[in-house]
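Asker:
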Amino acid sequence: MRNATISARKRLGYKTVVVLPVHYPRELFTAMDVHTVELWGPPGPPRGPGAGRIQPYACAIVRNALAFLASGGADAADAVLFPHTCDSIQGLATLAPDFGGWGKPALRYLHPKGEDGPAARAFVRAELEHLAGDLARLTGRSLETARLSEAIDLHARIDRLRGELLSRRAFLDMTDLELYRLLRRGEFLEPGDHLAELAVAARGLGGERVRRGVPLMVTGYVPEPMTLLDSLASAGAFIAADDYAAVGRRVPLSLPAGDGDPLDTLAAKAFTMPPCPTRGGDQDVRMAYLEALYRRSGAAGIVVHVQKFCEPELFDVPAIRTRFARIGAPLLYLEGELETSLSGQLITRLEAFLELVDSGRGTP
Amino acid sequence: MITRRVRYEIVSRAVGPMLMAMERWGSRLGGRRGGAAKGPFGPPLESTRKLKELTTLHYLSGRCADGAVPVAWVTSGFPVEVLRPLGFHTVYPENHGAICSVKRMVPELSEAAEREGYSRDLCGYARADLGSVATGKTPVGRLPRPDLLCCCTNICQTVLYWYRALAAHFRVPLAIIDTPFVYGEAQPHLLTYVADQLRELTRAAERVAGRKVDRAALAETMRLAREGTRLWDECLRAGIARPSPWTGFDSFFHLAPIVAMRGTRECNAYYRMLRDELNDRVARGVGGIADERVRLLWDNLPIWFNLRDLSTVLAANGFNIVCATYTNAWAEAGSMIDPADPEGSAARAYLHVLLNRDLPYKLSIMKRLCREYGATGAIFHSDRSCKPYSIGQIDLKGRLASEEGVKGVLLEADHADPRAWSEAQAYNRLHAFMELFEDADDPAGTGNPDIPRG
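Chains as they are written, first to last, in the working numbering: chain F, -9 to 354; chain S, 15 to 468.
(1) Roughly how many angstroms lie between the CA atoms of F:P32 and F:P11, to the nearest whole one?
(2) Interface residues of chain F around S:G131 at Cβ under 7 Å?
(3) What residue from S:K151, S:N370, S:I335 and S:A112 has the CA that sits closest to S:E125's CA?
(4) Considering only the beta carbon of each residue, do F:R43 and F:L56 sit closer than 8 Å?
(5) Check whether the Cβ of S:R46 lies closer than 8 Å to any Cβ atom in chain F.
(6) In whole angstroms, what is the alpha-carbon distance linking F:A227 and F:P205?
(7) How big is the Cα-Cα spacing for S:A35 and S:T278?
(8) Quickly, what does DSSP pair S:W87 with across the bridge? List them, please.
(9) Could you spell out where the alpha helix (DSSP H) holding S:C249 opens and where it closes?
(10) Contact check, S:Y387 vs S:I254 under 8 Å by CB: the rounded distance?
(11) What residues from the segment 411 to 442 of chain S come within 8 Å of chain F, judged by C-beta to C-beta, listed N to C?
(12) So what does S:L381 bridge to, in DSSP terms?
(13) Return no unless some Cβ of chain F is closer than 8 Å to the Cβ of S:P271.
(14) Any residues in the segment 86 to 113 of chain S with a beta carbon nearer than 7 Å to a beta carbon of chain F? Which ones, in chain order?
(15) Any idea what DSSP makes of S:K421, helix, strand or coil?
(16) At the level of alpha carbons, what is the spacing between F:E327 and F:Y170?
(17) Compile a chain-ordered list of the residues in the segment 190 to 211 of chain S whose CB is closer than 8 Å to at least one CB of chain F.
(18) Got a sec? Which residues, its chain only, sit under 7 Å from S:G53 by beta carbon, not counting five neighbours each side?
(19) Are the segment 336 to 354 of chain S and the segment 136 to 156 of chain S touching by the rule of at least three beta carbon pairs closer than 8 Å?
(20) At least one CB of chain S closer than 8 Å to the CB of F:P15: is that the case?
(21) By DSSP, does F:T75 sit in helix, in strand, or in coil?
(22) Please specify which runs of the alpha helix (DSSP H), each continuous and at least 4 residues long, are wholly inside the segment 130 to 154 of chain S, giving them in chain order.
(23) Using beta carbons (cut-off 8 Å, strictly below), is S:P463 in contact with chain F?
(24) Our contact map puts S:G76 next to S:G111 with C-beta atoms below 8 Å; I'd like the distance itself, whole angstroms only.
(25) If you draw a straight line from the C-alpha of F:G153 to the C-alpha of F:A21, how long is it?
(26) Please identify the residue among F:R193, F:D249, F:R202 and F:H145 whose C-alpha is closest to the C-alpha of F:G176.
(27) So is S:R178 in contact with chain F if we call contact Cβ pairs under 8 Å?
(28) If you follow the beta strand (DSSP E) that F:V296 is part of, which residue opens it and which one closes it?
(29) Report, in whole angstroms, the separation of the C-beta atoms of F:L97 and F:D124, which I expect to be a contact under 8 Å.
(30) Between the segment 217 to 229 of chain F and chain S, which residues of the former have CB atoms less than 9 Å from a CB of the latter, in chain order?
(31) With respect to the beta strand (DSSP E) encompassing F:G210, which residues constitute its N-terminal and C-terminal limits?
(32) Could you compute how far the alpha carbon of F:Y284 sits from the alpha carbon of F:P264?
(33) Hey, how far is the Cα of F:T129 from the Cα of F:H25?
(34) Quick one: Cα of S:R47 to Cα of S:L123, how far?
(35) Might you give, ordered along the chain, the residues of its own chain that have their beta carbon closer than 6 Å to the beta carbon of F:L151, omitting 5 neighbours on each side?
(36) Taking just the CA atoms, how far does F:V208 sit from S:L180?
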């Protein structure tokens, strides 16, 4: 489906940029008519000539991405954007363009790490200008202020709907798999098309709770394999609160006022996002955020679903364990390597966990 | 506070040095002076004793530093110069992690961290440190509690996650110097960003220390840091001589002062002494190993827990590590420091460290080192604990071979944790690698007789 979307956009004369995880200013690309397609792996074992060029103790996201790029998987695209999410993606951002695997333009987005402050804000603004310059070279046209304002407005509407669908999950008559497929189509659809899909789904939000079963909160990197969602449903659970880096952590907590310079508005947005370990920030603030999300959603347990070797996620796991143990929330730790399906062993653990959670809720 | 300060000063200036003097005296009485070559090695370096004294004194005074002076826990690539004029006692958890590894304490400490939920796939230094924090166990007696945590992302982003966890544990401020990755040369807005953060850092450190930075003292610290870097470079460059007066394994240990005491007079005095001793050995033709036949480059951090065995196997076969990207990294960027422009020049220097730069730059450094030091082979330590240093090594090894004729071997291990080390497999690979140099038609070991070696 991603390839079909790329082809359709290219026929309309749009440039396409493949984007590595996680955070990037999508509005800038929309404003410059650049189609973005995100690359989360893809799942499955790495194949092709690039498969063995990164050691197996790096995460599957970067190993698979290099193999995918080097085998021509993204040849239809015009450039790749490497946000500086972690050491491994940072390494890939020089390995593929400099030593083979990606021969077209390589763009980088260096987002600041740590706390919000004057230096960080000024840097985001400067990085946005820098990226706009790169995109101008790619497209042959410069950034127009009015177009950027329109794009910011468009993505704000998308963000609002995504936030609403996630936060009012229990009132939405969709399976988790349907909802996550919808949300993840935002990784490659043209934003206007994605907005239209979201609007249709949001019309299904009713005033009555329609989701039955065990409500869970999930935190992690990316909901892969997607069969996890089926397994949850089969075991009688649904995701009531989402803190996946690929999903919930990309919905801003508030939207900055948009009456000034749109680049300033876009820069300010970077500081309105939920806490994410890939951006640093205070660990206690993140734990308080996760606990509030958990309580607000009425979740009865938490699933920590991380990719093996993913340092940003792994370093926070002890704090999550401690925090949720303190409030008596059952916790299941799942570790994956971007498999295409959940192993039988993990399904059994998931089922056992749900039995435990369910018995704790006093339901039969 | 005053009592603690007095105790700290007494330990730093009197008790510590007196214990060191007694140790020296005991060594002389016991006839334990260095001098004689042992096994496949050359005579031991006299400076090593002074290094041990410096390190011991640093950790000894640290035992009573908290409550006496402000204490900062600092990452190895952090612009520590800002903290010196404010009187901070600095602790380097990475250096402490290396000591834990040499003392074979990492499995125990790591298991303590793993019991708290930290994954075994995380950096071994971080696991050792977090395990030490959780248990209070350390080979250095005691680490002072930090008043400030200082983390710079120029060596990796792991330190950011690690120090966030420390900040949550100790409930103290975390100062982050975020150094975005550099492709080619740093763009102006990167330099501005880092310089701005350094100014923010100064204010944060002043709040903790309770006083203002003396700009003249800061300039002097910057001068000392630049000079220390130059002196360390001179020590390393002594290794260009044939035979090299020391081994790369020696240099890993002697790196400690430029990492942990950069910007101090003690650091520079030490490196003057070491440089003079190395140059004296060069003049007398004394080598780090007894029979140096093949000269090698080392890439990545040392395998701290296995240095003795590894160095013995190499030396016994006439192989000497004469240069290392790791030790060289501390001799490079410091030259950019300018005492007249502390923040601006530190921004440039700390952005342009090896691990914060792209692979073509890293390859160019390897090529230069191989040429200057006459290295015909390279050992790439594929370090499970250090992803930023390790990603790209497979390509670097291939390019160094095809473009420079330098043969390479990838040795998978962990810089701190022996549980990730397979001795039989590693030595099998190492012996196979050493056999590559036995070709009589290619004594320089270039892999290509047409390529002349220096």
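Yeah, the Cβ is synthetic: ideal placement off N, Cα and C, and Gly gets one too.
Answerer: Put simply:
(1) Along the first sequence, read from residue 1 onward, the residue named residue 32 of chain F stands at position 42. Along the first sequence, read from residue 1 onward, the residue named residue 11 of chain F stands at position 21. About 12 Å.
(2) Translated into positions along the second sequence, residue 131 of chain S becomes position 117. By Cβ distance, chain F contributes V307, P308 and R311.
(3) Sequence index remark: in the second sequence, residue 125 of chain S carries index 111 (1-based). Selected option, being the one with the closest Cα: S:K151.
(4) For this step, residue 43 of chain F is matched to residue 53 along the first sequence. For this step, residue 56 of chain F is matched to residue 66 along the first sequence. Yes, they are a contact pair.
(5) Residue 46 of chain S sits at position 32 when you count from the first residue of the second sequence. Only weak support exists for where S:R46 lies, its pLDDT of 46 falling under 50; the coordinates are left without a value.
(6) By one-based count along the first sequence, residue 227 of chain F stands at place 237. By one-based count along the first sequence, residue 205 of chain F stands at place 215. Straight-line Cα distance between these residues: approximately 6 Å.
(7) For the purposes of this step, residue 35 of chain S is taken as residue 21 along the second sequence, with counting starting at 1. For the purposes of this step, residue 278 of chain S is taken as residue 264 along the second sequence, with counting starting at 1. Computed Cα separation, rounded: 21 Å.
(8) Within the second sequence, the letter at position 73 stands for residue 87 of chain S. In the DSSP output, where bridge partners are listed per residue, S:W87 has S:V105 and S:L163.
(9) As a working mapping, residue 249 of chain S is identified with position 235 in the second sequence. Per DSSP, the unbroken alpha helix (DSSP H) holding S:C249 starts and ends at R229 to R251.
(10) Taking the first residue of the second sequence as position 1, residue 387 of chain S is located at position 373. Taking the first residue of the second sequence as position 1, residue 254 of chain S is located at position 240. That belief holds up - the Cβ atoms of S:Y387 and S:I254 are roughly 6 Å apart, short of 8 Å.
(11) For the segment 411 to 442 of chain S, which is checked against every Cβ of chain F, the residues closer than 8 Å are R413 and E426.
(12) Translated into positions along the second sequence, residue 381 of chain S becomes position 367. Strictly speaking, residue 381 of chain S in this sequence is Lys, with Leu absent from that position. DSSP output for S:K381 lists no bridge partner at all.
(13) Counting from 1 along the second sequence, the entry for residue 271 of chain S is found at position 257. Closer than 8 Å: no.
(14) Result list empty, no residue passes.
(15) Translated into positions along the second sequence, residue 421 of chain S becomes position 407. The three-state reading of DSSP puts S:K421 in strand, counting E and B together.
(16) As a working note, residue 327 of chain F is residue 337 in the first sequence. As a working note, residue 170 of chain F is residue 180 in the first sequence. Taking the straight line joining both Cα atoms gives about 19 Å.
(17) I190, D192, P194, F195, Y197, Q201, H203, L204, T206, Y207, D210 and Q211
(18) By 1-based counting over the second sequence, the position of residue 53 of chain S is 39. Around S:G53: T326.
(19) They do not touch, by the three-pair rule.
(20) Mapped onto the first sequence, residue 15 of chain F falls at position 25. It does not: the Cβ of F:P15 has no partner Cβ on chain S nearer than 8 Å.
(21) By one-based count along the first sequence, residue 75 of chain F stands at place 85. In this structure, F:T75 counts as coil in the three-state DSSP scheme.
(22) Under the rule that a run must span 4 or more residues, the alpha helix (DSSP H) segments found entirely inside the segment 130 to 154 of chain S read 138 to 149.
(23) Within the second sequence, the letter at position 449 stands for residue 463 of chain S. Caution is warranted here: a pLDDT of 42 is assigned to S:P463, below 50, making its placement in the model unreliable, and no coordinate value can be reported.
(24) Within the second sequence, residue 76 of chain S is the residue found at index 62, counting from 1. Within the second sequence, residue 111 of chain S is the residue found at index 97, counting from 1. In fact, because the Cβ distance is near 15 Å, the residues do not count as touching under 8 Å.
(25) Here the question's residue 153 of chain F lines up with position 163 in the first sequence. Here the question's residue 21 of chain F lines up with position 31 in the first sequence. C-alpha separation (whole angstroms): 22 Å.
(26) In the first sequence, the residue the question calls residue 176 of chain F occupies position 186. Per the Cα distances, F:H145.
(27) As a first step, residue 178 of chain S must be located in the second sequence, where it is residue number 164. Yes, S:R178 counts as interfacial toward chain F.
(28) In the first sequence, the residue the question calls residue 296 of chain F occupies position 306. Looking at the DSSP string, the run of the beta strand (DSSP E) that includes F:V296 is I292 to Q297.
(29) Taking the first residue of the first sequence as 1, we reach residue 97 of chain F at position 107. Taking the first residue of the first sequence as 1, we reach residue 124 of chain F at position 134. About 5 Å; that satisfies the 8 Å criterion.
(30) none
(31) As a first step, residue 210 of chain F is located in the first sequence; it is residue number 220 there, counting from the start. First-last of the beta strand (DSSP E) with F:G210: V204 to G210.
(32) On the first sequence, position 294 is the one that residue 284 of chain F refers to. On the first sequence, position 274 is the one that residue 264 of chain F refers to. So the two alpha carbons sit approximately 14 Å from each other.
(33) Counted from its first residue, the first sequence places residue 129 of chain F at position 139. Counted from its first residue, the first sequence places residue 25 of chain F at position 35. Just so you know, the alpha carbons of F:T129 and F:H25 end up roughly 11 Å apart.
(34) Taking the second sequence and counting its residues from 1, the one referred to as residue 47 of chain S is at position 33. Taking the second sequence and counting its residues from 1, the one referred to as residue 123 of chain S is at position 109. Unreliable positioning characterises S:R47 in this predicted model, as indicated by a pLDDT of 48, which lies under 50. The coordinate reading is nonetheless provided below. Distance between the alpha carbons of S:R47 and S:L123: 34 Å.
(35) Position 161 of the first sequence, counting from 1, holds the residue named residue 151 of chain F. So the qualifying residues of the chain are L188 and A192.
(36) Taking the second sequence and counting its residues from 1, the one referred to as residue 180 of chain S is at position 166. Taking the first sequence and counting its residues from 1, the one referred to as residue 208 of chain F is at position 218. Spanning the two alpha carbons is a distance of roughly 25 Å.
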